Amino acid sequence: MEHLAMHISNGIINGPVAAIFAVIALAAMALCVQRGRQHLDDRLAPMAGLVAAFIFAVQMINFPIFTAGVSGHLLGGALAALLVGPWVGALCVAVVLTVQALVFGDGGVAMLGLNITNLAIIGTAAAYLLIVALLRVLPRTPAGLAVTAFVSALVSVVAAALGFVLQYKLGGAVDLGANITGLAGTIAGTHLLIGVGEGLITAMTVLTVAKTRPDLVYALRARRPVASSPVPAVGGAR
Amino acid sequence: MGAGHTELLYHRSDSPVHRLPPEVKIAAMVAFTLAVVATPREALWAFGGYAVLVVAVAAVARVRPGWLLRRSLIELPFVLFAFALPFLGAGERTEFLGLSVSVDGLYGAWNILAKGTLGVLASLLLAATTTTRDLIIGLDRLRCPQLLTQIAAFMLRYLEVLVGEARRMRVARLSRGDDPRFMWQLRGFATGVGALFLRAYERGERVYLAMLSRGYTGRMPQVWQGAQAATVGQWLAASTVPAVAAGVAATALVLS
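Protein sequences, first through last, are from chains A and B. Residues in the first sequence are numbered from 964 upward in steps of one, following the numbering used here. Residues in the second sequence are numbered from 33 upward in steps of one, following the numbering used here.
Laid out in structure tokens, this is it:
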């Protein structure tokens, strides 16, 4: 059930429900383009491209959870929200999904609306709301930022996975009857584990960036930089 | 993931499909997929018709069937899900190979298998005949917002930067006596991922500034776009496949 909640392929959800979610995704993307345009400056443009490339690359690493063919890969919604903000972040994830659907056939083209709703919209929105709330509550230390990144990534993965369950309930190919709760449980469980991996990688990445280039972290822009001991520039002088 | 990774799926050739402008191919592929998805799952013959269309396009594009089949294995997880459905589905049940299975589930499994496979094959044919650069030009000509094509173009460019930077860091670790074998690589990966991101960003930032200083305004220059936009004839030629598919889908809908 590897890609299940990640990239829904053609035929899993029926046409009308896919069409409804395509309209929802299109409207949300239009809003993101409008808002994102105001944010995209010289610093954010390459960052948005790199975040998208990073998510693209990281999604190719599948990590097995159990030996029984259950595996999953990372989403990147929380990372995008932290580094480039919710609007451009959602666009980054949507671009990754579109290219994967067009080129690799990973996720059906007709199901793109569903996939964008789950991963780009639900995933990024859940992550960003948590980021804003947690950064306000937690101490302004590297540890606080790490916890924020970890928790928001974990929750965003599970939220995106539950988005799939909702869509399946609305228009799944097969009426599973009472088994839908079983499906929900399986999916939430596996994605909790994926979320832990996602949280660790997100926290690790954001922490390194925040320590050396705090100006690059969108979520920290409004506040003073994270207090940290001086760290030698990563990669050394070049 | 090696160098030139972004062209991993492109097959250099000079077939009529390769020569079609990208925007035409994208539109045809999306229209074909929509026709397939709109087909009622009981119309088994219709899916045979779609398969014939896919085979015909692959033959014209000179894409090897073995390559297509190997690449379509990406769909495998969904196949597993499809095989579980007949046993999980509710409602009327029937005997199949001595097992009690749900009729609805059987049709659902077929639905996922047929529509999913056809969708994957259509995507692969597009990828095999179009470079990623052309793909972005095509999306741009189809009036995709510039913000999105810009992110997509940077993504594909920085993918190379990221892979190259990862290779350099691996070489650096090896030359310092690290022995990254399968499992032990995880720890190195986890601690190095932030550094990899920063290094790739700083390199990417320089690429971006160099582009800006050479007159980049968010859109690639005309010269870069190569072939002209599609002619009416090309649109007509490419529309044959989705038109036939739409005909099949309409017939199947009327008959059902």
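Ideal Cβ positions, reconstructed from N, Cα and C, are used throughout, including at glycine. Predicted model only: the values in this text are computed from it and were never measured.
As assigned by DSSP and simplified to three states, the class of Ile976(A):
Of the three classes helix, strand and coil, the one that applies to Ile976(A) here is strand, per DSSP.
With burial defined as no fewer than 16 other Cβ atoms inside 10 Å of the residue's Cβ, what is the status of Trp1050(A): buried or exposed?
Classification of Trp1050(A): buried, given that the 10 Å Cβ count is 16 or more.
Just checking: is the beta-carbon of Leu1013(A) within a distance shorter than 8 Å of some beta-carbon in chain B?
With 8 Å as the cut-off, Leu1013(A) counts as an interface residue toward chain B.
Interface residues of chain A around Glu290(B) at Cβ under 7 Å?
Residue 290(B) lies beyond the residue range present for chain B, which begins at 33 and ends at 288; the question has no answer from this structure.
Taking the continuous alpha helix (DSSP H) assigned at Tyr82(B), which residues delimit it?
That run of the alpha helix (DSSP H) goes 76-93.
I'd like the span of the alpha helix (DSSP H) that includes Ile1079(A), first residue to last.
Boundaries cannot be given for Ile1079(A), as no alpha helix (DSSP H) includes it and DSSP labels it neither H nor E.
Supposed contact pair Gln1022(A) and Val1059(A) - C-beta distance, whole angstroms, cut 8 Å:
With a contact defined as Cβ atoms closer than 8 Å, Val1059(A) and Gln1022(A) qualify at about 7 Å.
7 Å CB neighbourhood of Ser104(B) in its chain, flanking five on each side removed
For Ser104(B), same chain residues with a beta-carbon under 7 Å away, outside a window of 5 residues either side, are Thr149, Val152, Leu153, Leu156 in chain order.
When the Cα of Val89(B) is compared with those of Ala269(B), Arg235(B), Gly247(B), Arg173(B), which residue comes out closest?
Out of Ala269(B), Arg235(B), Gly247(B), Arg173(B), Ala269(B) has the C-alpha closest to the C-alpha of Val89(B).
Taking the alpha carbon of Ala160(B) as the point to measure from, which residue in Thr283(B), Pro274(B), Val49(B), Thr71(B) has its own alpha carbon closest?
The residue with the shortest Cα to Cα distance from Ala160(B) is Val49(B).
Assuming contact is defined by CB atoms lying nearer than 8 Å, are Ile976(A) and Gly1158(A) in contact in what I supplied?
No, the Cβ-Cβ distance between Ile976(A) and Gly1158(A) is not below 8 Å.
Given this structure, state the Cα-to-Cα distance separating Phe186(B) from Leu285(B), to the nearest angstrom.
Rounded to the nearest whole angstrom, the CA to CA distance from Phe186(B) to Leu285(B) is 42 Å.
Going by the CB atoms, is the gap between Thr1171(A) and Ala227(B) shorter than 8 Å?
In contact: Ala227(B) and Thr1171(A) (Cβ atoms closer than 8 Å).
Nearest to Ile983(A) by alpha carbon, out of Ala1073(A), Gly1152(A), Arg1176(A), Ala1106(A)?
For Ile983(A), the nearest C-alpha among the options comes from Ala1073(A).
With a 10 Å radius around its C-beta and 16 neighbouring C-beta atoms as the bar for buried, classify Ser288(B) as buried or exposed.
Flag for Ser288(B) reads exposed.
If I follow the unbroken alpha helix (DSSP H) through His50(B), where does it start and stop?
Its alpha helix (DSSP H) spans residues 48-51.
Among Ala1151(A), Ala1011(A), Asp1004(A), which one has its Cα closest to the Cα of Leu180(B)?
When only C-alpha atoms are compared, the closest one is Ala1011(A).
Quick one: does Ala277(B) have its CB under 8 Å from some CB of chain A?
For Ala277(B), the answer is no, since every Cβ of chain A falls outside 8 Å of its Cβ.
DSSP-derived helix/strand/coil call for Arg1176(A):
When secondary structure is reduced to three states using DSSP, Arg1176(A) falls in the coil class, being assigned neither helix nor strand.
Can you tell me the Cβ-Cβ gap for Val1169(A) and Ala1112(A), rounded? I've got them flagged as a contact below 8 Å.
Yes, they are in contact, since the Cβ atoms of Val1169(A) and Ala1112(A) sit about 5 Å apart, within 8 Å.
8 Å is my cut-off, CB to CB: does Phe1113(A) come that close to chain B?
Phe1113(A) does not count as touching chain B.
Could you confirm whether any beta carbon from chain A is found closer than 8 Å to the beta carbon of Arg189(B)?
For Arg189(B), the answer is yes, since a Cβ of chain A falls inside 8 Å of its Cβ.
Report, in whole angstroms, the separation of the C-beta atoms of Leu194(B) and Ala1016(A), which I expect to be a contact under 8 Å.
By a beta-carbon distance limit of 8 Å, Leu194(B) contacts Ala1016(A). Their separation comes to about 5 Å.
Check the Cβ-Cβ distances between Val89(B) and every residue of chain A, and say whether any is below 8 Å.
It does not; no Cβ of chain A falls within 8 Å.
Let me confirm a value: Pro53(B) is counted as buried when at least 16 other C-beta atoms fall within 10 Å, else exposed. Which label applies?
Counting Cβ neighbours within 10 Å, Pro53(B) comes out buried, since at least 16 surround it.
Buried or exposed for Arg235(B), please, with buried defined as at least 16 other CB atoms from any protein chain shown within 10 angstroms of its CB.
Under the 10 Å beta carbon count, Arg235(B) is surrounded by 16 or more other beta carbons and is classified as buried.
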